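In my numbering, the protein residues as written are 7 to 221.
Built from N, CA and C at the ideal position, the CB exists for glycine as well.
As the structure is a prediction and not an experimental result, all values here were calculated from the model.
Written out below as structure tokens is the structure these notes cover.
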């Protein structure tokens, strides 16, 4: 695709995007409904399936791609793929949910919104705090083993927490760790902002060479 002339390449990209959107549109509802029915048969919480299993299943391809890139020594490219996906989720995806809800309800207003219960509010708070902590980890454009293990352990243990207050405590812990890391890594913030401006202006540095790909 990359070797095609501009016009055929752009046409092909648009066609692939439209086809992908059509497949997602046709399969999203049956996929969600089948998860709910499966949970009812197995006695698994519907919220757990929709909130955690469905996103993990839908995001597994990009996780595999990022893992393969890191395995081949292209860690920056792999992490960039995951970060761009996260940015997309917290901008385009979150922004379209209330609009889709209002359109499906047959009404649209700037004062209306997506109704959320207490647990859903807690989940949004927890996920937002988790994302803020991840940003603080990457503020110096690197991640060491301790930071990776800490992020994984916090995420893995919260899956087994059902108490509402404990989940709020988890979100508070993420927020405190985020502030602490921003203070510790404050020297790297100007460099990160400069790198972002270079990317915007089209002067991004090439990815630093990593280790040789495994044989």
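Considering only the beta carbon of each residue, do residue 87 and residue 65 sit closer than 8 Å?
No, the Cβ-Cβ distance between residue 87 and residue 65 is not below 8 Å.
Any idea what DSSP makes of residue 79, helix, strand or coil?
Annotated three-state conformation of residue 79 is coil, per DSSP.
Alpha-carbon spacing of residue 162 relative to residue 180, whole angstroms
Taking the CA atoms as reference points, residue 162 sits about 13 Å from residue 180.
On the DSSP letters alone, give me the boundaries of the alpha helix (DSSP H) that residue 40 sits inside.
Note, residue 40: alpha helix (DSSP H), 12-48.
With 16 as the cutoff for other CB atoms within 10 Å, does residue 32 come out buried or exposed?
That one is exposed.
Does the distance from the C-beta atom of residue 188 to that of residue 155 stay below 8 Å?
Not a contact, by the Cβ cut-off of 8 Å.
What separation, rounded to the nearest whole angstrom, lies between the Cα atoms of residue 170 and residue 193?
Using only the alpha carbons, I get a separation of about 36 Å.
Do the region 172-179 and the region 124-140 make contact, defined as three or more Cβ pairs closer than 8 Å?
Look at the beta carbons and you see the region 172-179 touching the region 124-140: at least three pairs across the two are nearer than 8 Å.
Cβ neighbours of residue 164 in the same chain (closer than 6 Å, five flanking residues each side left out)
Cβ within range, chain order: 176.
Let me confirm a value: residue 75 is counted as buried when at least 16 other C-beta atoms fall within 10 Å, else exposed. Which label applies?
Burial call: buried.
In this structure, how does DSSP classify residue 186 when only helix, strand and coil are distinguished?
Correct three-state label for residue 186: helix.
Quick one: give me the first and last residue of the alpha helix (DSSP H) that residue 101 is part of.
100-110 is the extent of the alpha helix (DSSP H) around residue 101.
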